[in-house]
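Residue numbers (my numbering): 470 to 945. By construction, the Cβ of each residue, glycine as well, lies at the ideal position given by its N, Cα and C atoms. Everything on this sheet refers to the single structure shown next.
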Amino acid sequence: MTDVLVVGAGILGRSVAYALARAEPDVRVVLSGRRGPGASQAAGAMLGVLGEVTAGSLDTRHGELRTAMAVEAAALWPAWRAEVHASTATPVRDGYGTGTYVLLNAASGRLDEQTLEAMRRAASRFRLPLDDIDPAEVPAHRPLANDRALRAVFLREEGFLDARRWLGALDSALAALPNVRRTGSGRLRAAGAAYELTTRGGRFRAPRAVVAAGAWTSGLLAGIDPELPVLPVVAAEGTAVTVRPPEPAPPVVLRTPNRAYACGLHAVPQADGGWYLGASAAPSPEPGAAPTAGALRFLLDAAIGQLHHGLATARVDRVHHGNRPVGLDGHPLLGSAGLPGLWVASGTHRDGLHASPLIARELAAEILHGRPSTWLAPWRPDRAPIADRSSAEAIEEATAHHAALAAESRMRPPLTGDWPGLLTDAYRQLMEQVYARMPEGYVLPPELAPLGYEQGPALAKLVQTHLDRRAARPAP
């Protein structure tokens, strides 16, 4: 018998297991997971607050709560890093640094300008530094002339690190804790008043379990109770590459604002001197196993054109592919799953690594001491889908992302008539049809809009099934 099972060995699973075992040396923790196309191994690891703000971040209650969580997590990172590194048996260079340049370039639409203004509002609201800078002063920025930056800002407190090195640091810290046992993936099920995990390495039983399995969360929960009314988690496939740049990578992040349904183009320096270039985004009902040729082409074309044309001769060290977990309403699933002793930590999309110290701290306090978390309360996994914007507002934001994608792809419509306007109107009409097919009360988040028109009927059925389960067994 053990005390807590943590299922999922990505950044959240490892962080929660570490926080539990470190806080209570007598608590026995089993951490289960496997290698695969999860989000953590493929992450760019920008520890961003203002850099992750979108045009609508502060326009809704939950958007502002997400930004406030990012601010709180950023304040925890120095002590969190120091504690993890102090626990490791051998030193790990994790590539940590601060400083992010955000570029507003010619390969974009109005969405970038709106996002920059939202960043300024967030900087004022949370008293964070944001400095205007001449684009010519941005280090190692050598774009093609038609993709050049027109404006730039410097976020001097935004952090970053090498995700793969940081996962290694956590592994070393976990290995040094005598009350943590690692095992491979397995089947989790309810066993009376406890939970049982069956793996090739053995069978483990505990009264408490945490499912932190990223884009695989919904499938694991279905093995416990197929009627459990937990909000479904879908995948956002992402592709990135690590390259050897033609000149040393500067110790800062270069990025565009969030755009085109994604986290924007970005270059993150790595601990070994390489440059991480990311990232594509493609929402999908199920995790994908490998990158697509189209995603790689789009990413490399954007990086060479918008960041540094010398990257055309850079050597590719590694192609990364992962599946970001996204709650069906676009928000995370954090906290009690509605069954005694069962917690969920998933659906964090792009925020999981940055928010991991806060999520680990708050979940550990709930699990070990029964102390409810005000930070996690809004993201209860068995909630009704959050919908604090109208369908019309979501459609307009999705349309703006689509226009940004067209601009970044260098799409040139015919010059007769109002083709740009006609294409935008056609996409808006398509999205109006998609949103009209969704169950009442559900507003498809704009970042999942492609899933709406590619998998519309299946998506509507998934939402309705969740609503029906909640109606049959209301959350306490």
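Contact between the region 789-801 and the region 496-508 is established, with three or more Cβ pairs separated by less than 8 angstroms.
Going by beta carbons, L630 and L474 fall outside the 8 angstroms limit. Residue pairing for L734: DSSP places it in no beta bridge.
Counting of Cβ neighbours within 10 angstroms places A867 among the buried residues, the total reaching 16 or more.
The continuous stretches of alpha helix (DSSP H) do not include G707, which lies in the beta strand (DSSP E) extending over residues V702 to R713. For A772, the enclosing alpha helix (DSSP H) starts and ends at A762 to Q775.
Put simply, of T843, R784, G821 and A781 the residue whose alpha carbon is nearest the alpha carbon of S805 is T843. Taken through DSSP and simplified to helix, strand or coil, D786 comes out as strand. Scanning its chain for C-beta atoms nearer than 8 angstroms, with the 5 sequence neighbours on each side dropped, one finds around L580 the residues A524, P726, R728, A869, H870, A872 and A873, in chain order.
P919 sits close to P752, with the two beta carbons spaced by under 8 angstroms.
In the structure shown, G821 falls within a helical segment according to DSSP collapsed to helix, strand and coil. For R852, the closest C-alpha among the options R858, V699 and A705 is that of V699. A residue is called buried when at least 16 other Cβ atoms come within 10 angstroms of its Cβ; R858 meets this threshold and is buried. DSSP places S753 outside any alpha helix (DSSP H); the residue lies instead in the beta strand (DSSP E), whose first and last residues are A751 to S753. DSSP places Y904 within a helical segment (H, G or I) once states are collapsed to three. It is roughly 11 angstroms from the alpha-carbon of L527 to the alpha-carbon of T584. The region 593-602 makes no contact with the region 551-564; the number of CB pairs closer than 8 angstroms stays below 3.
Exposure of Q902 is indicated by the presence of fewer than 16 other C-beta atoms within 10 angstroms of its C-beta. Secondary structure note for Y911: it is in no alpha helix (DSSP H), with a DSSP letter that is neither H nor E.
In the three-state scheme derived from DSSP, where H, G and I count as helix and E and B as strand, D600 is classed as strand. Boundaries for Y745: no alpha helix (DSSP H) harbours it, while the beta strand (DSSP E) harbouring it runs W744 to G747, taken from the DSSP string.
The beta carbon of R620 lies closer than 6 angstroms to those of L573 in the same chain, with the five residues before and after it left out. If you ignore the 5 residues before and after A681, its C-beta comes within less than 8 angstroms of the C-beta of V475, V476, G477, G479, L481, G482, V485, V813, A814 and S815, all in its own chain and listed in chain order. In this structure W744 is in contact with A718, their Cβ atoms being roughly 4 angstroms apart against a cut-off of 8 angstroms. Relative to the Cα of P756, the nearest Cα in the group A492, E706, G763 and R669 belongs to E706.
DSSP, read as helix, strand or coil, puts A691 in helix. If you draw a straight line from the Cα of T893 to the Cα of R879, it comes to about 15 angstroms.
With a cut-off of 8 angstroms on Cβ pairs, the region 826-835 is not in contact with the region 682-696, counting fewer than three such pairs. Around the beta carbon of T817, 16 or more other beta carbons lie within 10 angstroms, which makes this residue buried. The DSSP assignment places complete alpha helix (DSSP H) segments of no fewer than 4 residues inside the region 600-681 at 632-644, in order along the chain.
Take the alpha-carbon of S654 and the one of R669: they are about 8 angstroms apart. Per DSSP, the unbroken beta strand (DSSP E) holding S501 starts and ends at V498 to S501. Counting along the chain, the unbroken alpha helix (DSSP H) around A918 starts and ends at A918 to E923. The alpha-carbon of W549 is positioned some 26 angstroms away from that of T711. Separation of the CB atoms of G921 and L913 is rounded to 5 angstroms, and the pair is thereby assigned contact status at 8 angstroms.
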